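Visitor: Quick one: this structure, given as structure tokens, is what I'll be asking you about.
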Amino acid sequence: MKRREEVFMKKISLLSMLIILLPCAAVTVYAGTPLETVKGHVDHVIEVLRDSSLKGGAAEKVKKEKIRVISEKMFDYPELSRRTLGQNWSKFKTEQQQEFIELYKSILEGAYIDRIMSYTDEKVLFNKENPLSEKTVEVQTTIVTKKADIPISYRMIRKEGEWRVYDVIIEGVSLISNYRTQFAQVLANKSPEGLLDSLRKKAGKG
Amino acid sequence: MRPAAIFSLLFIFLAVSSVPVSADSAASIESPTPIRNHELAPVQESLPDEQQDVEPGEIPPADLGDGSGGDSEDQPEEEALHIADPLYPFNKAMYHVNDKFYFWILKPVAQGYRAIIPEDVRLSVSNLFDHISTPIRFVNNLLQMRIRDAGKELVRFLYNSTAGVCGLVDAAKTDIGLGQQDEDLGQTFGSYGVGHGIYLVLPFLGPSSLRDAAGRAGDRFLNPVHYVDPADASVGITVYDKVNETSFRIGDYEDLKKSAIDPYVSLRDAYLQYRKKKVEE
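Sequence lines, in order, name chains Y and F. Take 36 as the starting number for the first sequence in my numbering and just add one per residue. Take 1263 as the starting number for the second sequence in my numbering and just add one per residue.
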């Protein structure tokens, strides 16, 4: 009888420990380090690109769509948008902000998807993480081509236990800074609605 | 370009590359490598299709603030860079010229060249030009008191002259892990606190600034190609170098143009950010 009780207690304590620990495990697995997160996404993209079962014109579409889905997970578009507009963000009404995020996203995806699709066999090195602040980290990577090594850094922010990219820096050129300068110039002459209008045209949703 | 012409050019380069080999104590002559590597693509800018109205000569200092209204959290990293652009009408015109030059001449030539010449050969040519331009990097590293880096350039030069088959192979990088230490006179000025002055778009060469254009002019004297005797040959070599470099970068400029809301502004900002990083590192 005693013996059974002991076993039972053991089971209980094991179970309770599991119950207590499980969420922790889930969170850590979920979050990973920023570097692992980027690596996971990039590897995933490369996997899609190399997928030999996807060939021909129709497959191109499938691949693009798959990559688009990964990009949604990888990037924090609202954060990216907010930081791009900087001080101008507050001049946009909530609906305008929403539309801005969508348009900006589709412009970025449209602009870079072909570049990504042209990936051949370059090696990607994941060098290191560089903390920027409590919630932000820069992950430094290098694309090694025969011609040159191209440094690409991903700036990431942690929200709800997940790391997401809000800026990409290629050879020292920050994506969001570059757009910020352009948008600021537009906004110097136009209202937020005017900027949205240019973006709609650019995104082909005019 | 016919292969025959290319090969004769190659011979000229080989001849030229041997010059620094013998004269490397003087370490004087080279061609601006960093400039080639990175400014080329930008050189060929594009016209904004619709938003001409957007760019008045005076460029607003593009939000120095980074944070959005309230949440300034952690954005000091991405401060906007500003440069005066009083020559905007000239620059904009040059930008259009360069854009047309790229799409009508440079790109088709580079594409044809790329189709004919195998990648390995083009890489060797590129290595060779980098090799020849060692004096620029060596001297500018010295000017910036980067003695170690200057030494690396010297070792690279000696190593690549021998193990690298007269500079055709970047053996120093692959064998002994010694990469190029990109420095030019514009960066040297920058390292001493000299600002850009004003923005300049140079015909055929692309984005630059008063400081960097002056640096480029100075670096020419460290470039062996500059001393090639018939001036036509010197120009020919430079053009060939540009075509060869462009053959690796077809698509870069197109992407920039495609992604930009205002390509002129985008290119100008990218140039500033890129050069800032170069000066800092």
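Glycine is no exception: its CB is placed at the ideal position from the N, C-alpha and C atoms. From a predicted model like this one, the values you see are computed outputs, not experimental measurements.
Measure the beta-carbon distance from Y:V203 to Y:I187 and round it to whole angstroms, keeping in mind my assumption that it falls under 8 Å.
Guide: Along the first sequence, one-based indexing puts residue 203 of chain Y at 168. Along the first sequence, one-based indexing puts residue 187 of chain Y at 152. That pair is a contact at about 7 Å.
Visitor: Within 10 angstroms of the Cβ of Y:S88, are there 16 or more other Cβ atoms? Answer buried if so, exposed if not.
Guide: Counted from its first residue, the first sequence places residue 88 of chain Y at position 53. Result: exposed.
Visitor: Counting C-beta neighbours from all protein chains within 10 Å, is the total for F:P1380 16 or more, i.e. buried, or is it exposed?
Guide: The count along the second sequence starts at 1 and reaches residue 1380 of chain F at position 118. Exposed, by the Cβ-count rule.
Visitor: Give a yes or no on whether the minimum CB-CB distance between F:A1493 and chain Y is below 8 Å.
Guide: As a working note, residue 1493 of chain F is residue 231 in the second sequence. F:A1493 does not count as touching chain Y.
Visitor: Could you round the C-beta distance between F:Q1535 and Y:S209 to whole angstroms and report it? I think they count as a contact, below 8 Å.
Guide: Taking the first residue of the second sequence as 1, we reach residue 1535 of chain F at position 273. Taking the first residue of the first sequence as 1, we reach residue 209 of chain Y at position 174. That belief holds up - the Cβ atoms of F:Q1535 and Y:S209 are roughly 6 Å apart, short of 8 Å.
Visitor: Are the Cβ atoms of Y:L160 and Y:R190 separated by less than 8 Å?
Guide: Here the question's residue 160 of chain Y lines up with position 125 in the first sequence. Here the question's residue 190 of chain Y lines up with position 155 in the first sequence. Going by C-beta atoms, Y:L160 is not nearer than 8 Å to Y:R190.
Visitor: Identify whether Y:N162 lies in helix, strand or coil by the three-state DSSP scheme.
Guide: If you number the first sequence from 1, residue 162 of chain Y lands on position 127. It is a strand residue.
Visitor: So what does F:V1431 bridge to, in DSSP terms?
Guide: Counted from its first residue, the second sequence places residue 1431 of chain F at position 169. In DSSP, F:V1431 forms no bridge with anything.
Visitor: Shorter than 8 Å from the beta carbon of Y:R235 to some beta carbon of chain F?
Guide: Sequence index remark: in the first sequence, residue 235 of chain Y carries index 200 (1-based). Not one chain F Cβ lies under 8 Å of Y:R235.
Visitor: In terms of alpha-carbon separation, which member of Y:Y201, Y:H76, Y:E195 and Y:I205 lies closest to Y:I185?
Guide: By 1-based counting over the first sequence, the position of residue 185 of chain Y is 150. Here the closest residue by C-alpha is Y:I205.
Visitor: Assuming F:K1369 contacts F:I1512 (C-beta within less than 8 Å), just tell me the rounded distance between them.
Guide: Locating residue 1369 of chain F in the second sequence gives position 107, where the first residue counts as 1. Locating residue 1512 of chain F in the second sequence gives position 250, where the first residue counts as 1. Confirmed, about 6 Å.
Visitor: Starting from F:P1370 and walking both ways along the alpha helix (DSSP H), at which residues does that stretch end?
Guide: Position 108 of the second sequence, counting from 1, holds the residue named residue 1370 of chain F. Start and end: K1369 to I1378.
Visitor: What are the start and end residues of each continuous beta strand (DSSP E) run of 3 or more residues lying completely inside the stretch 1408 to 1479 of chain F, in chain order?
Guide: Counting whole runs of 3 or more residues, the stretch 1408 to 1479 of chain F contains the beta strand (DSSP E) stretches 1461 to 1464 and 1468 to 1471.
Visitor: Kindly indicate which three-state DSSP category F:D1361 falls into: helix, strand or coil?
Guide: Here residue 1361 of chain F corresponds to residue number 99 of the second sequence, with the count starting at 1. Of the three classes helix, strand and coil, the one that applies to F:D1361 here is helix, per DSSP.
Visitor: Is DSSP giving Y:P186 helix, strand or coil here?
Guide: As a first step, residue 186 of chain Y is located in the first sequence; it is residue number 151 there, counting from the start. Y:P186: strand per DSSP, three-state reduction.
Visitor: I'd like to know whether the C-beta atoms of F:N1403 and F:D1432 end up nearer to each other than 8 Å.
Guide: Within the second sequence, the letter at position 141 stands for residue 1403 of chain F. Within the second sequence, the letter at position 170 stands for residue 1432 of chain F. No. Outside cutoff.
Visitor: Just how far apart, CA to CA, sit F:H1393 and F:N1422?
Guide: As a working mapping, residue 1393 of chain F is identified with position 131 in the second sequence. As a working mapping, residue 1422 of chain F is identified with position 160 in the second sequence. Those two C-alpha atoms are separated by around 8 Å.
Visitor: Kindly indicate which three-state DSSP category F:D1544 falls into: helix, strand or coil?
Guide: What is shown of chain F runs 1263 to 1543, which leaves residue 1544 of chain F out entirely.
Visitor: Ordered along the chain, which non-local residues of its own chain (more than five positions away) have a Cβ less than 8 Å from that of F:L1472?
Guide: What you label residue 1472 of chain F is simply residue 210 of the second sequence in a count that begins at 1. These residues qualify, in order along the chain: H1458, G1459, I1460 and L1462.
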